[in-house]
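K.L.:
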Amino acid sequence: MKLQTILNNLIWEWRVSSVNMEDSGMDRTISPSENISSAGEEALFSMADMFLFSLIIGLVTYWFFFRKKKEEIPEFPKIMPTTTSVRESSFVEKMKKTGKNIVVFYGSQTGTGEEFANRLSKDAHRYGMRGMSADPEEYELSDLSRLTEIDNSLAVFCMATYGEGDPTDNAQDFYDWLQEADTDLSGLKFAVFGLGNKTYEHFNAMGKYVDKRLEELGGQRIFDLGMGDDDGNLEEDFITWREQFWPAVCEHFGVEATGEESSIRQYELVLHTDINLNKMYTGEMGRLKSYETQKPPFDAKNPFLALVSVNRKLNEGGDRHLMHLDLDISGSKIRYESGDHVAVYPANDTLLVNQLGEILQTDLDTVISLNNLDEESNKKHPFPCPTSYRTALTYYLDISNPPRTNVLYELAQYATDPKEQENLRKMASSATDGKALYLNWVLESRRNILAILQDMPSLRPPIDHLCELLPRLQARYYSIASSSKVHPNSIHICAVVVEYETKTGRVNKGVATNWLKNKVPSDNGHKSAVPVFVRKSQFRLPFKSSTPVIMIGPGTGIAPFVGFIQERAWLKQQGKEVGETVLYYGCRHKHEDFLYKEELAQFHKDGVLTQLNVAFSRDQNHKIYVQHLLKKNKENVWKLISEDNAHIYVCGDARNMARDVQNAFYEIVAEYGKMDHAQAVDYVKKLMTKGRYSLDVWS
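The numbering of the sequence shown is this note's numbering, which starts it at 39 and goes up by one.
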């Protein structure tokens with residue numbers, strides 16, 4: 039625009055000067071002497087004219103090209119995807135397009151919440167309705183206010199609680215939105231089923247919050263909140279809630295069940311006979327060939343292949359195998375803090391995989407794809423495809439855990455023995471005797487899919503349908519046993535190998551720990567690699583290094599505290615003031631499974647670890663646990679808490695140890711704080727709220 043203004047000014051000035059010259063020539067008589075002068079002036083003005091014309095033409099040319107480039111900028115095609123992605127993020131638009139009226143959102147960390155959501159969405163067809171399951175991470179949940187645009191619409195939420203009352207990773211944005219939202223959800227019909235574990239302090243916190251918050255925003259609850267307990271029988275809790283939920287839906291919308299539950303395939307099998315091997319998935323979680331060409335950032339869908347540099351046995355005796363691994367993360371740009379978790383993607387036992395192939399009489403190297411029959415679904419395949427049956431059963435599917443009742447129901451149609459078919463259908467039913475049979479024959483006997491096939495000779499399902507039904511093999515999380523201040527290029531794991539005999543006499547092995555046990559640093563020149571990513575935690579050392587810490591971690595619960603102590607030692611070396619560092623550790627025998635004995639002794643000798651209290655539970659006639667040592671040192675414990683503002687950390691078993699330790703703190707607070715039990719409980723709860731009592735526990 040500036041150039042255009044300059045051009046206009048120049049042209050205007052040139053015209054004015056020409057007019058002035060013409061006016062002056064017309065107003066006076068020219069003498070001969072003036073005539074000579076006038077001729078010279080005319081020549082001079084002609085040159086000026088030529089100069090001006092040249093300047094104008096040059097400026098016009100420059101301005102023309104400048105203007106053209108400027109106009110081209112909005113034409114770049116990269117603007118287009120923005121509109122598309124906004125459109126695709128609307129689950130309401132998708133439901134309209136596909137004729138769905140029920141959406142089931144899931145918050146899932148281990149896959150169970152997603153599995154329940156899929157089952158509910160498939161149920162809908164029995165009532166003349168159409169459902170879809172949805173990951174809240176993929177959609178704009180503010181669209182809930184628009185769901186009323188669809189007749190007889192319903193939103194269901196299967197929400198798992200992770201850690202200490204936290205949302206799962208994929209539900210974090212939804213949780214944040216709920217906290218800040220002031221959207222009017224009047225007219226929204228909803229129901230919530232929560233997945234939790236009663237051994238944790240904040241049982242089903244996420245399910246409770248979603249249920250309460252949706253009502254606060256104006257939503258209408260059409261059925262009571264369901265709360266599943268994974269410490270009991272989560273499957274039974276879900277079935278019990280589900281069998282009451284659907285009649286409530288029918289009553290609310292005035293619909294009736296169209297008949298018995300039927301088997302509906304969600305995926306179709308495609309066989310690949312001449313596929314390019316470079317286009318086959320061989321265990322990658324997301325991008326094809328991501329293990330060959332690693333690209334940060336690394337996360338659940340793009341794990342880093344960390345080389346195993348150390349794998350050593352920690353215990354000196356006993357029938358267990360406790361191990362320490364160093365995973366090399368050099369060059370990955372992975373950052374972690376003490377207290378974070380490392381997730382490991384394991385592989386199933388080759389023996390189990392081969393036995394499944396044999397019993398189903400299948401060539402496991404057959405290359406297949408399972409393609410979603412719903413072309414509008416975001417989930418195109420149940421696992422990365424194309425791939426082989428062997429790869430799917432090794433890296434993608436859970437073949438070690440007891441299958442859920444919906445799997446048994448779908449498989450029942452393939453049992454040729456009437457009695458076996460009847461038992462499968464009974465276990466999948468909501469009948470009391472069916473639930474009891476499932477509990478005893480499947481759950482308590484720890485029968486995995488192979489054991490079920492072995493014990494039901496007439497049951498031989500097509501392997502592609504089995505692969506469709508089995509849940510995904512999930513990553514295993516471990517508390518990191520190192521500090522990035524001391525070990526920036528490696529992550530340490532401390533774990534116990536899981537192996538036990540079932541009621542049927544079979545030996546079941548933990549998938550991840552047995553796989554890790556065999557990951558030796560160099561196997562015939564081949565370096566062992568482990569797919570990993572880091573999950574951030576709230577289990578953090580105090581901001582001020584001078585703040586005292588009390589750490590309670592028996593067994594492998596010591597893992598994060600190894601990192602904490604390493605970091606406190608590093609801070610001390612940097613000249614920082616470091617507060618008291620107190621550890622309460624427990625194991626069975628002093629000379630058998632005292633983990634990191636030498637390292638802890640050295641830290642204690644150096645003064646970094648100011649107190650090392652160890653409970654050896656089985657070295658005497660009566661059991662001694664960490665909670666007994668806490669009560670033994672109760673006066674010192676109370677001083678650290680009440681006067682020195684110490685932070686308390688508990689890591690390990692949630693079912694017994696964490697509860698017993700918490701009860702010990704109630705007793706100490708009541709006695710030395712001169713409080714009754716209720717006041718002591720409230721005092722400890724407030725420590726938790728302030729971040730001074732942290733838990734990293736599992737059941």
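For each residue, glycine too, the CB sits at the ideal point set by N, CA and C. Quantities reported herein were computed from a predicted structural model and do not represent experimental measurements.
Starting from the Cα of D364, find the closest Cα among S528, W284, L647, W279 and give me that residue.
P.N.:
For the purposes of this step, residue 364 is taken as residue 326 along the sequence shown, with counting starting at 1. When each option's Cα is compared against that of D364, the closest is S528.
K.L.:
Between which two residues does the alpha helix (DSSP H) containing W736 stretch?
P.N.:
Your numbering for residue 736 matches position 698 in the sequence shown. From DSSP, W736 is part of no alpha helix (DSSP H) but of the beta strand (DSSP E) over 731-736.
K.L.:
Judging by CA-CA distance, which residue of V287, P341, L621 is the nearest neighbour of R573?
P.N.:
In the sequence shown, residue 573 corresponds to position 535, counting from 1. Nearest option by C-alpha distance: P341.
K.L.:
In or out: K138 buried (at least 16 other Cβ within 10 Å) or exposed?
P.N.:
By one-based count along the sequence shown, residue 138 stands at place 100. The residue in question, K138, is buried, as its Cβ has 16 or more Cβ neighbours within 10 Å.
K.L.:
Roughly how many angstroms lie between the CA atoms of T738 and G395, to the nearest whole one?
P.N.:
Residue 738 lies beyond the stretch modelled for the chain, which goes from 39 to 737, so this question has no answer here.
K.L.:
Alpha carbon to alpha carbon, what distance is there between F195 and L315?
P.N.:
To locate residue 315, count along the sequence shown from 1; it is residue 277. To locate residue 195, count along the sequence shown from 1; it is residue 157. For L315 and F195, the distance between alpha carbons rounds to 40 Å.
K.L.:
Would you call the CB atoms of K160 and E414 closer than 8 Å?
P.N.:
For the purposes of this step, residue 160 is taken as residue 122 along the sequence shown, with counting starting at 1. For the purposes of this step, residue 414 is taken as residue 376 along the sequence shown, with counting starting at 1. The answer is no: Cβ separation not under 8 Å.
K.L.:
From what residue to what residue does the alpha helix (DSSP H) around D211 run?
P.N.:
As a first step, residue 211 is located in the sequence shown; it is residue number 173 there, counting from the start. First-last of the alpha helix (DSSP H) with D211: 210-218.
K.L.:
With respect to the alpha helix (DSSP H) encompassing P569, which residues constitute its N-terminal and C-terminal limits?
P.N.:
On the sequence shown, residue 569 is found 531 positions in, with the first residue counted as 1. Where P569 is concerned, there is no enclosing alpha helix (DSSP H), although the beta strand (DSSP E) it sits in stretches over 567-573.
K.L.:
Going by Cα to Cα distance, which pick from F641, G645, F654, L647 is closest to F632?
P.N.:
Here residue 632 corresponds to residue number 594 of the sequence shown, with the count starting at 1. Selected option, being the one with the closest Cα: F654.
K.L.:
Label D65 either buried or exposed according to how many other C-beta atoms from any shown protein chain fall within 10 Å of its C-beta, with 16 as the threshold for buried.
P.N.:
Residue 65 sits at position 27 when you count from the first residue of the sequence shown. Unreliable placement is indicated for D65, whose pLDDT of 40 sits below 50; no coordinate value is reported for it.
K.L.:
Helix, strand or coil for T619? Go by DSSP, reduced to three states.
P.N.:
Mapped onto the sequence shown, residue 619 falls at position 581. In the structure shown, T619 sits in a strand (DSSP, three-state: E or B).
K.L.:
How would you label G613, buried or exposed, when you count the other beta carbons within 10 angstroms and need 16 or more for buried?
P.N.:
Here residue 613 corresponds to residue number 575 of the sequence shown, with the count starting at 1. Looking at its Cβ environment, which holds fewer than 16 other Cβ atoms inside 10 Å, G613 is exposed.
K.L.:
So the beta strand (DSSP E) F228 belongs to, where does it begin and stop?
P.N.:
Against the sequence shown, residue 228 aligns to sequence position 190. Looking at the DSSP string, the run of the beta strand (DSSP E) that includes F228 is 227-234.
K.L.:
Which residue comes first and which comes last in the beta strand (DSSP E) that contains N552?
P.N.:
Position 514 of the sequence shown, counted from the start, is the residue given in the question as residue 552. Unbroken run through N552 is the alpha helix (DSSP H), 549-555; no beta strand (DSSP E).
K.L.:
Quick one: what does DSSP say L725 is sitting in, helix, strand or coil?
P.N.:
Here residue 725 refers to the residue found at position 687 of the sequence shown. If DSSP states are grouped into helix, strand and coil, L725 belongs with the helices.
K.L.:
Here's a check: name, in chain order, each residue in its chain whose Cβ is nearer than 7 Å to the Cβ of K728, leaving out the five neighbours to either side.
P.N.:
Reading the sequence shown from its first residue, position 690 is the one you call residue 728. Taken in chain order, the list of residues that qualify is empty.
K.L.:
For the beta strand (DSSP E) containing P169, list its first residue and its last residue.
P.N.:
For the purposes of this step, residue 169 is taken as residue 131 along the sequence shown, with counting starting at 1. With the sequence shown as reference, residue 169 is identified as Gly, and Pro is not the correct amino acid for it. Per DSSP, G169 belongs to the beta strand (DSSP E) from 169-172.
K.L.:
Looking at the structure shown, is C532 part of a helix, part of a strand, or coil, going by DSSP?
P.N.:
Start at 1 with the first residue of the sequence shown, and residue 532 comes out as number 494. If DSSP states are grouped into helix, strand and coil, C532 belongs with the strands.
K.L.:
Could you give the first and the last residue of the continuous alpha helix (DSSP H) run that contains N410?
P.N.:
The count along the sequence shown starts at 1 and reaches residue 410 at position 372. Careful: N410 lies outside any alpha helix (DSSP H), inside the beta strand (DSSP E) at 405-410.
K.L.:
Which residue or residues does DSSP assign as beta-bridge partners of K351?
P.N.:
The residue given as residue 351 occupies position 313 in the sequence shown. Beta-bridge pairing links K351 to M361.
K.L.:
Would you say the beta carbon of K541 is closer than 7 Å to some non-hydrogen atom of the ligand MG?
P.N.:
This structure simply doesn't include the ligand MG, nor any ligand for that matter.
K.L.:
With 16 as the cutoff for other CB atoms within 10 Å, does T542 come out buried or exposed?
P.N.:
Along the sequence shown, one-based indexing puts residue 542 at 504. T542 comes out exposed.
K.L.:
What does D698 pair with, by DSSP beta-bridge criteria?
P.N.:
Taking the first residue of the sequence shown as position 1, residue 698 is located at position 660. D698 pairs with nothing; no bridge assigned.
K.L.:
Starting from the C-beta of L650, find all residues in its chain whose C-beta is less than 7 Å away, skip the five residues before and the five after it, and write them out in chain order.
P.N.:
If you number the sequence shown from 1, residue 650 lands on position 612. Taken in chain order, the residues that qualify are L621, L638, H642.
K.L.:
Would you kindly check if the distance between the Cβ of Q665 and the Cβ of V699 is under 8 Å?
P.N.:
On the sequence shown, residue 699 is found 661 positions in, with the first residue counted as 1. On the sequence shown, residue 665 is found 627 positions in, with the first residue counted as 1. Yes, these two residues count as a Cβ contact at 8 Å.
K.L.:
Taking Cβ positions, are A702 and L668 nearer each other than 8 Å?
P.N.:
As a working mapping, residue 702 is identified with position 664 in the sequence shown. As a working mapping, residue 668 is identified with position 630 in the sequence shown. Yes, Cβ-Cβ distance for A702 and L668 is below 8 Å.
K.L.:
Tell me whether the beta-carbon of V746 lies closer than 8 Å to the beta-carbon of Y721.
P.N.:
This structure leaves residue 746 out entirely; the chain is present only between 39 and 737.
K.L.:
Taking only three categories from DSSP, how would you classify L398?
P.N.:
Position 360 of the sequence shown, counted from the start, is the residue given in the question as residue 398. Three-state DSSP puts L398 in coil, outside helix and strand.
K.L.:
For V719, which residues of its own chain have a beta-carbon under 7 Å away from its beta-carbon, when the five flanking residues on both sides are left out?
P.N.:
Here residue 719 refers to the residue found at position 681 when the sequence shown is read from its first residue. The residues are Y704.
K.L.:
Once you ignore the five residues that flank R510 on each side, which residues in its own chain have a CB closer than 8 Å to its CB?
P.N.:
Walking along the sequence shown from the start, residue 510 turns up at place 472. Once the five neighbours on either side are set aside, the close Cβ partners of R510 are G149, P420, F421, Y434, L435, D436.
K.L.:
Give the range of the beta strand (DSSP E) segment to which A193 is assigned.
P.N.:
Within the sequence shown, residue 193 is the residue found at index 155, counting from 1. 192-200 is the extent of the beta strand (DSSP E) around A193.
K.L.:
Taking Q576 as part of the alpha helix (DSSP H), name the residues at either end of that continuous run.
P.N.:
Taking the first residue of the sequence shown as position 1, residue 576 is located at position 538. That residue, Q576, is in no alpha helix (DSSP H); it is neither H nor E in DSSP.
K.L.:
With H, G and I counted as helix, E and B as strand and the rest as coil, what does DSSP make of T454?
P.N.:
Walking along the sequence shown from the start, residue 454 turns up at place 416. DSSP places T454 in coil when its eight states are reduced to three.
K.L.:
Out of curiosity, what's the CA-to-CA distance linking P500 and A607?
P.N.:
By one-based count along the sequence shown, residue 500 stands at place 462. By one-based count along the sequence shown, residue 607 stands at place 569. About 58 Å.
K.L.:
With 16 as the cutoff for other CB atoms within 10 Å, does S522 come out buried or exposed?
P.N.:
Reading the sequence shown from its first residue, position 484 is the one you call residue 522. Under this definition S522 is a buried residue.
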